[in-house]
Amino acid sequence: MVRTQLQARGINDRRVLAAMGKVPRELFVPPAVRADAYADRALPIDCGQTISQPYIVGLMTQALELTGSETVLEVGTGSGYQTAILAELAARVITVERHALLSQQAQNRLAALGYRNVKFLVGDGTLGAPDEAPTERIIVTAMAQRVPQPLWEQLAEGGILVIPLGMPDCQMLQAIRKIGGQAYSEDLCPCRFVPLVGAEGWPEDLSAP
Ligand code: SAH
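For the sequence shown, this note's numbering assigns the number 214 to the last residue and increments by one with no breaks.
Dropping the structure here:
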């Protein structure tokens with residue numbers, strides 16, 4: 006997976022490649038799709054959600070430019086796979102999920118793997134984690150039409166926010182830097198994510214499985 010899906014497509018951050026070679030992806034997918042754990046695509050998880058394609062996880066993580074000292078806010082814990090990759094590469098991870106079941110499953114997986122630097126929150130991640138702000142890095146693993154205002158406000162000066170923006174059938178993955186309070190965005194790749202549902206996101210009915 007690391008060689009054919011990541012390196013071959015331009016993921017070259019050594020730390021990202023090492024983390025993705027280390028975290029056992031098969032522990033993050035439901036038993037029914039375990040044989041496909043390393044397939045080159047997203048896979049279904051509980052609550053009608055998905056675990057992202059390995060390449061997209063690599064691309065989003067690389068775009069965060071983590072050196073090991075940062076705190077990262079993740080919106081959309083899902084399976085917890087991206088969370089584990091972040092826990093390998095950052096000092097601290099705060100991850101928010103709206104489905105309590107998914108959050109609990111992810112907590113169990115990360116505890117079993119020995120991660121101690123992750124704080125799990127259940128709730129509407131479009132509102133961010135105000136108690137933890139400002140945050141140096143923010144990653145949103147569900148799609149929105151625009152950056153939720155609370156997340157932009159909670160992003161530290163000089164910080165990076167990675168998020169898929171667009172409409173339900175097609176989005177552009179973007180890395181947005183906050184410099185002098187201004188947004189500078191870079192397009193990473195076209196993609197398709199499940200919706201970000203919440204007060205500053207899509208209405209509930211868009212996410213019904
Ligand atoms: N990184 C995850 C992706 C999970 S899919 C993985 O690879 O497993 C996106 C997740 O975002 C879903 O679990 C969905 O329930 C969650 N989500 C959607 N809207 C949210 C919100 N407002 N706050 C928190 N989580 C949300």
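Don't be surprised by glycine CBs; every beta carbon is placed ideally from N, CA and C. These numbers were taken from a predicted model, which means no experiment stands behind them.
The nearest non-hydrogen atom of the ligand SAH is 6 Å or more from the C-beta of Q67. Put simply, the backbone Cα of L156 is about 24 Å away from that of Q109. Nearest C-alpha to V199 among I181, R30, V145, Q159: V145. Distance between Y60 and V152, taken at the CA atoms: about 23 Å.
Shown here, M25 sits in a helix according to DSSP, grouped into three states. From the listed residues C175, I184, V7, the smallest Cα separation to C196 is found for C175. M6 has its alpha-carbon roughly 30 Å from the corresponding atom of G130. S190 and I165 have their C-alpha atoms roughly 9 Å apart. Beta-bridge partners of G171 (DSSP): Q176. Below 8 Å, too few C-beta pairs join the segment 135-142 and the segment 33-46 to call them touching: fewer than three. Counting only the Cα atoms, A95 lies some 4 Å from G73.
Within the same chain, Cβ atoms closer than 7 Å to the Cβ of I56 are found at F33, V34, A47, L48, I50, G83, S84, Y86, the five residues on either side in sequence being excluded.
Here A92 has V98, L115, Y120, N122, V123 as same chain residues with Cβ atoms under 8 Å from its own Cβ, once five neighbours each way along the sequence are excluded.
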